[in-house]
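Residue numbers (the numbering used here): -10 to 309.
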């Protein structure tokens, strides 16, 4: 069976095409012929063997077929969206039934893959962690990315009063505006506070969704208002924030929270009301997941290189 795997840890170059045994479904599992597989930043971290004491730990046994999400069909022809702990970069994979959701033909494979990890992340950032209230202001970092573009749209769907997007280029900022942001600004740390406050008509903000960390997170804290919430769900800058202290959180009455979707899926499964809502919004075109590019499975390393090089927008898809 055709698959992409890695036999040592490293960069995108360690991904190689291989012929591997076809998986066998056990009790409570379904064998899925893969139509498309999603690419996630977590795949890159896993292949690199990074964060051995963090969320992507422990290092996986080698050789290993990465990939956490697939669209495909079961033996009976039914179309599914599914979360897998491993094995998505392949012609076929096995998915636990609790992590499978029926997928209508009207929803494209790339759209569906975008709302699984990234969409569920955006939904829970706003609903479960930040607990957004109607009329609140929301700042979304990296708003042209897979999670960010969906967070902008969901913030609008959930009744945000003003949505401020940050992105690294004019093109990406224009995309964020198309997705419903009220303002789009440069997200660099220098001058961050002034740009955000200006975009929010001089007022502090209520919610910030951050996947960058480091100096950007430090600057973002300076823009939170009373009872403001910053939710961190990544650190693409690979820098540590330095401005967080218990006394500051108390004095300023602000909250810094973290979120990672994988433990939630491990506990509850990928299915459920949140994913059903996301797919329904997509089918009704109230939610427009951004598909940034499609690659043949053999070009998986190129997809990773493009993601690392910040040359992409939205969801990247592999086609076996």
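We put the beta carbon where it would ideally sit given N, CA and C, even for glycine.
Residues -6, -4 of the same chain have their beta carbon placed closer than 6 Å to that of residue 52, with the five preceding and five following residues left out of the count. Within the same chain, 126, 128, 212 come within 6 Å of residue 194 by CB-CB distance, once the 5 residues on both sides are set aside. Non-local C-beta neighbours of residue 205 in its own chain, meaning closer than 6 Å and more than five positions away in sequence, comprise 178, ordered along the chain. Going by C-alpha positions, residue 17 is about 53 Å away from residue 180. In the same chain as residue 4, and ignoring 5 residues on each side of it, the C-beta atoms closer than 6 Å to its own belong to -7, -5, 289, 290, in chain order.
Of all alpha-carbon atoms in 32, 133, 12, the one lying nearest the alpha-carbon of residue 294 is that of 32. Classified as buried, residue 162 has 16 or more neighbouring CB atoms from the shown chains inside 10 Å of its CB. According to the DSSP secondary-structure assignment, residue 6 is paired through a beta bridge with -7. Counting only the Cα atoms, residue 198 lies some 12 Å from residue 116. Look at residue 261 here: in three-state DSSP terms it is coil, with no helix or strand label.
Taking a C-beta distance under 9 Å as the contact criterion, residue 219 and residue 246 qualify as a contact pair. For residue 69, the three-state secondary structure derived from DSSP is strand. Residue 49 sits in coil when the DSSP states are folded into three classes, being neither helix nor strand. Excluding residues up to 5 positions away in sequence, 60, 68, 69, 70, 101, 268 lie with their Cβ nearer than 8 Å to the Cβ of residue 92 in the same chain.
The beta carbon of residue 260 lies closer than 8 Å to those of 87, 88, 89, 90 in the same chain, with the five residues before and after it left out.
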